[in-house]
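> Pasting a structure here, questions to come.
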Amino acid sequence: MALVKDNPKVITSSKTSSSMATEKPEPKRPLIRVADFDFYYGEKQALFDINMDMKENEVTAFIGPSGCGKSTLLRCINRMNDLVEVARIGRGKIEVNGADIYDPRVDTIELRKRVGMVFQKSNPFPKSIYENVIYGLRIQGINKKSVLDEAVERCLKGAALWDEVRDRLDTSGLSLSGGQQQRLCIARALAVEPDILLMDEPCSALDPVATAKVEELIHSLKKEYTIVIVTHNMQQAARVSDKTAFFYLGKLIEMAKTDEIFMSPKNEQTEAYISGRFG
Amino acid sequence: MPATASIRKERPTEGLGFHKKPSKAKSTEKAFFWLFRLGTYFILLCSSVIFLTIFYKGSQTVFQTEFPFVNVEFLTEAPQTLHVFEYEGEQYELSDNNFRAFEEERGVEIDTTTYAYSGGGIWPCIVGTVLLVVGAMTIALTLGVLSAIFLSEYSKPGKILNAIRLSILNLAGVPSVVFGIFGLGFFVLAGPIFSFSPFEGYDFQFWPLPIYFGFAGWNVSLIAGCFTLAFMVLPIVISASEESLRAIPQGLREASLALGASKWTAIRTNVLPYAMPGILTSSIIGVARVAGETAPIMFTAAYAMRDQLPWEGLEKWTDFFFQGVMALPYHIYVVSAKIPQNEYTERMQYGTAFVFLFIVAGIALASILLRIRMRKKYRW
Chain A
11 MALVKDNPKV ITSSKTSSSM ATEKPEPKRP LIRVADFDFY YGEKQALFDI NMDMKENEVT
71 AFIGPSGCGK STLLRCINRM NDLVEVARIG RGKIEVNGAD IYDPRVDTIE LRKRVGMVFQ
131 KSNPFPKSIY ENVIYGLRIQ GINKKSVLDE AVERCLKGAA LWDEVRDRLD TSGLSLSGGQ
191 QQRLCIARAL AVEPDILLMD EPCSALDPVA TAKVEELIHS LKKEYTIVIV THNMQQAARV
251 SDKTAFFYLG KLIEMAKTDE IFMSPKNEQT EAYISGRFG
Chain B
410 MPATASIRKE RPTEGLGFHK KPSKAKSTEK AFFWLFRLGT YFILLCSSVI FLTIFYKGSQ
470 TVFQTEFPFV NVEFLTEAPQ TLHVFEYEGE QYELSDNNFR AFEEERGVEI DTTTYAYSGG
530 GIWPCIVGTV LLVVGAMTIA LTLGVLSAIF LSEYSKPGKI LNAIRLSILN LAGVPSVVFG
590 IFGLGFFVLA GPIFSFSPFE GYDFQFWPLP IYFGFAGWNV SLIAGCFTLA FMVLPIVISA
650 SEESLRAIPQ GLREASLALG ASKWTAIRTN VLPYAMPGIL TSSIIGVARV AGETAPIMFT
710 AAYAMRDQLP WEGLEKWTDF FFQGVMALPY HIYVVSAKIP QNEYTERMQY GTAFVFLFIV
770 AGIALASILL RIRMRKKYRW
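Line order of the protein sequences matches chains A and B.
The opening position of the first sequence corresponds to residue 11 in the working numbering, with each subsequent residue numbered one higher.
The opening position of the second sequence corresponds to residue 410 in the working numbering, with each subsequent residue numbered one higher.
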């Protein structure tokens, strides 16, 4: 299995990408770097020798069949896998902004403030919309009303939810529809002012209209955030991402610009998967 | 599809095939239905007989036909000796206090038949039981919730944890009298005492501080009873709390952590508040047990008779915890088994049982109301 790393030259010279509306002249630095990364659940190896870079202000999509390790890798980037008792790293490292996040000195709380996460199942807290958005600020001890009010408006606007809920910020976050709940979860993640947003199949439980709204939102968030999205939906990957990484059986098979992956995949497994022959 | 067609039974030639005579399966079904039904009815019958007897006999003691319709003496006085006598052709039944007043008023001395504990009321027992329940549940909930959080949120699953869970579960099956003996040995006889002045049996001073320490025992006291009862219900509280904590979706914990919460912050803000109604509900069963058990308090907290109420005659505030109290279950035991039986003691037994039932139901109701309020606050 050939492991195809993305080639920086290809990115800068490409002009065909429609999703990259504003092309910056200077090469972007990698914000997330995964190097020689092996990961285990107990005795079972879940990730094999992953090497990849994710650059600032880009959307990277992880695709692949169920159980291929894409969610596992995503959850490694903000160390959510620490919650799994038997999870451990075999080899390699993940760097965020040049710092090894599995260094024993790393404070996971600080890391998770920088690397936000949106989950597959929208999970608003059973509190008001207002309290949901500012949860991350409240637990930091920020209680000043003006700061919180400002944050609520900014984040809900950022998550394209403000106009729909501005009149009912006191109602429970659970009273919202599925798509609104997911955008509330995004707003909640934005409130902590992260650099990176990890999204674990954010649209898998949503209907097409809600999905379109979340995808639109991902587009607009790209200007300020680096986004990594896991998705089962290949059209979605094609629509929202700049780069796509294809995983299979715990290995990174191919990673390249989204257009290239979908138009001319170099690996035959990738081609088989995106053309729907398996997975 | 041909594959499914071949395994299908042939369709009955006429009708739908279920207008037949009752099949064997059907009559077995019916027999078991009646077995279950009669079993339930039998239990209902038994419990109604028990409750109706207590209500019927107890209400004769607690309520009366004249104003104020409630036997105030029974609810507000301490147990007293009952004097039964004849005076100027009339039959009297007076408790000790009233009898003395009666004699003084008329300036006579009357020969009477006396019946121990059959006069007066049960006020000190009510007070004692409420204090024991409140104290024991406070201790049990605090310790229980703390250890449940540790077991289900922090500890690593494995053999040791399973062993701990199993032993907690086994603890629930230990007879209450064993807890009574444990309480006697650990709290009554050897409870740790801190004091600002040297006391009998102290063996350690936090020098140079004037604090003295020793295992001098707490004697038969409210605090010894509370701890014994708390230890008795701890298994119930721990397993109930663990279950309630486990019922909280993992997603809430993950979402909190992903927003930069520490583990404890996540538990405090997004797990414990939602688990609390469940913990309280399951603790109701603990309340009933704490209020009802006689054996654990027999050696540790209960007095058969005490003239003073818990807040009377205290030299310092700590004395409040280190005094024995009367309690309803123990009082029922005393009037039913420790004194000669007669028609007058029966009134006390059923009256006490009646009030006892009401109090337990009242405490249970209070925790249900608290749960409803909490559920409203955190609706999901």
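Think of the CB as a built atom: it goes at the ideal place given N, C-alpha and C, for glycine as much as any other residue.
Please identify, using Cβ separations under 8 Å, the residues of the region 665-683 of chain B that lie next to chain A, in order along the chain.
So the list reads Ser-665, Leu-666, Ala-667, Leu-668, Gly-669, Ala-670, Ser-671, Thr-674, Thr-678, Asn-679, Tyr-683, given in the order they occur along the chain.
> By the criterion of Cβ-Cβ separation under 7 Å, what are the contact partners of Gly-660(B) in chain A?
Result: Phe-129, Lys-131, Asn-133.
> With distances taken from CA atoms, which of Ser-604(B), Ile-706(B), Leu-491(B), Gln-473(B) is nearest Ser-728(B)?
Per the sequence shown, the amino acid found at residue 728(B) is Asp instead of Ser. Cα-wise, what sits closest to Asp-728(B) is Ser-604(B).
> Can Leu-208(A) and Ile-237(A) be called in contact, C-beta distance under 9 Å?
Yes. Within cutoff.
> Tell me the rounded alpha-carbon separation between Asp-217(A) and Ser-456(B).
Cα to Cα, the separation comes out at about 54 Å.
> Counting only Cβ pairs nearer than 9 Å, list the residues of chain B close to Ala-97(A).
Under the 9 Å cutoff, chain B gives no residues; its nearest Cβ is about 12 Å from Ala-97(A).
> Quick one: which residues of the region 554-574 of chain B get their C-beta closer than 7 Å to a C-beta of chain E? List them in chain order.
Absence of chain E from the displayed structure is noted, the protein chains being A and B.
> Could you tell me which residues DSSP pairs with Ala-45(A) in its beta bridges?
Note: Ala-45(A) sits in a beta bridge opposite Lys-103(A).
> The alpha helix (DSSP H) that contains Pro-218(A), what's its start and end?
Run containing Pro-218(A): 218-231, per the alpha helix (DSSP H) assignment.
> To the nearest angstrom, how far is the alpha carbon of Asn-751(B) from that of Ile-590(B)?
Whole-angstrom Cα-Cα distance: 32 Å.
> Which one of Leu-689(B), Ala-670(B), Met-707(B) has the shortest CA to CA distance from Ala-775(B)?
Ranking Leu-689(B), Ala-670(B), Met-707(B) by Cα distance to Ala-775(B) puts Leu-689(B) first.
> In the DSSP assignment, what are the bridge partners of Ser-650(B)?
DSSP output for Ser-650(B) lists no bridge partner at all.
> Can you list, in chain order, the residues of its chain whose CB lies under 8 Å from that of Pro-619(B), leaving out five sequence neighbours each side?
Only Phe-605, Ser-606 meet the Cβ criterion.
> Let me see if you follow: with CB-CB separation under 9 Å, is Gln-150(A) close to chain B or not?
Cβ-Cβ to chain B under 9 Å: yes for Gln-150(A).
> Could you list which residues in chain B have their beta carbon closer than 8 Å to that of Ala-199(A), in chain order?
Ordered by position in chain B, the residues that pass the 8 Å Cβ test against Ala-199(A) are Ala-667, Leu-668.
> Are the CB atoms of Val-646(B) and Gly-528(B) nearer to each other than 9 Å?
No, the Cβ-Cβ distance between Val-646(B) and Gly-528(B) is not below 9 Å.
> Output needed for Ala-31(A): all residues of its chain with C-beta closer than 7 Å, excluding positions within five of it in sequence on either side, in chain order.
For Ala-31(A), the predicted model reports a pLDDT of 45, less than 50, meaning its position is unreliable and no value from the coordinates is stated.
> Taking contact to mean at least 3 C-beta pairs separated by less than 8 Å, is the region 159-178 of chain A in contact with the region 89-109 of chain A?
Not touching, per the Cβ criterion.
> Tell whether a beta-carbon distance below 9 Å holds between Tyr-235(A) and Asn-67(A).
Contact flag set, yes.
> With C-beta atoms as the reference, is Ile-535(B) less than 9 Å away from Ile-706(B)?
Against a cut-off of 9 Å, the Cβ pair of Ile-706(B) and Ile-535(B) comes out as no contact.
> Which residue's Cα is closest to the Cα of Glu-95(A): Leu-766(B), Gly-592(B), Ser-564(B), Ile-558(B)?
Measuring from the Cα of Glu-95(A), the nearest candidate turns out to be Ser-564(B).
> Go ahead and label Phe-441(B) buried or exposed: buried means 16 or more other beta carbons lie within 10 angstroms of its beta carbon, across all protein chains shown.
Its Cβ having fewer than 16 others within 10 Å, Phe-441(B) is exposed.
> Given this structure, state the Cα-to-Cα distance separating Ala-56(A) from Ala-247(A), to the nearest angstrom.
If you take the alpha carbons of Ala-56(A) and Ala-247(A), they lie about 23 Å apart.
> Nearest to Met-796(B) by CA position, among Pro-617(B), Phe-445(B), Lys-747(B), is which residue?
For chain B, the structure presents residues 410 to 789; residue 796(B) sits outside this window and is missing.
> Return yes when at least one heavy atom of the ligand COA lies under 8 Å from the C-beta of Val-128(A), else no.
Ligands in the displayed structure: none, and consequently the ligand COA is not present.
> My assumption, with CB atoms under 8 Å, is that Ala-710(B) sits in contact with Leu-598(B). Please give the rounded CB distance.
Going by Cβ atoms, the distance from Ala-710(B) to Leu-598(B) rounds to 14 Å, so no, they are not a contact pair.
> Can you tell me whether DSSP reads Tyr-397(B) as helix, strand or coil?
The displayed coordinates of chain B run from 410 to 789. Any statement about residue 397(B) would go beyond what the structure contains.
> Buried or exposed: Asp-210(A), going by 16 or more other Cβ atoms within 10 Å of its Cβ?
Counting Cβ neighbours within 10 Å, Asp-210(A) comes out buried, since at least 16 surround it.
> Three-state secondary structure (DSSP) at Thr-437(B)?
Note: Thr-437(B) maps to helix in three-state DSSP.
> Under 9 Å between C-beta atoms, does Glu-502(B) make it to chain A?
Glu-502(B) does not count as touching chain A.
> How should Arg-662(B) be labelled, buried or exposed, when 16 other C-beta atoms within 10 angstroms of its C-beta is the threshold for buried?
The residue is buried, with at least 16 neighbouring Cβ atoms inside 10 Å.
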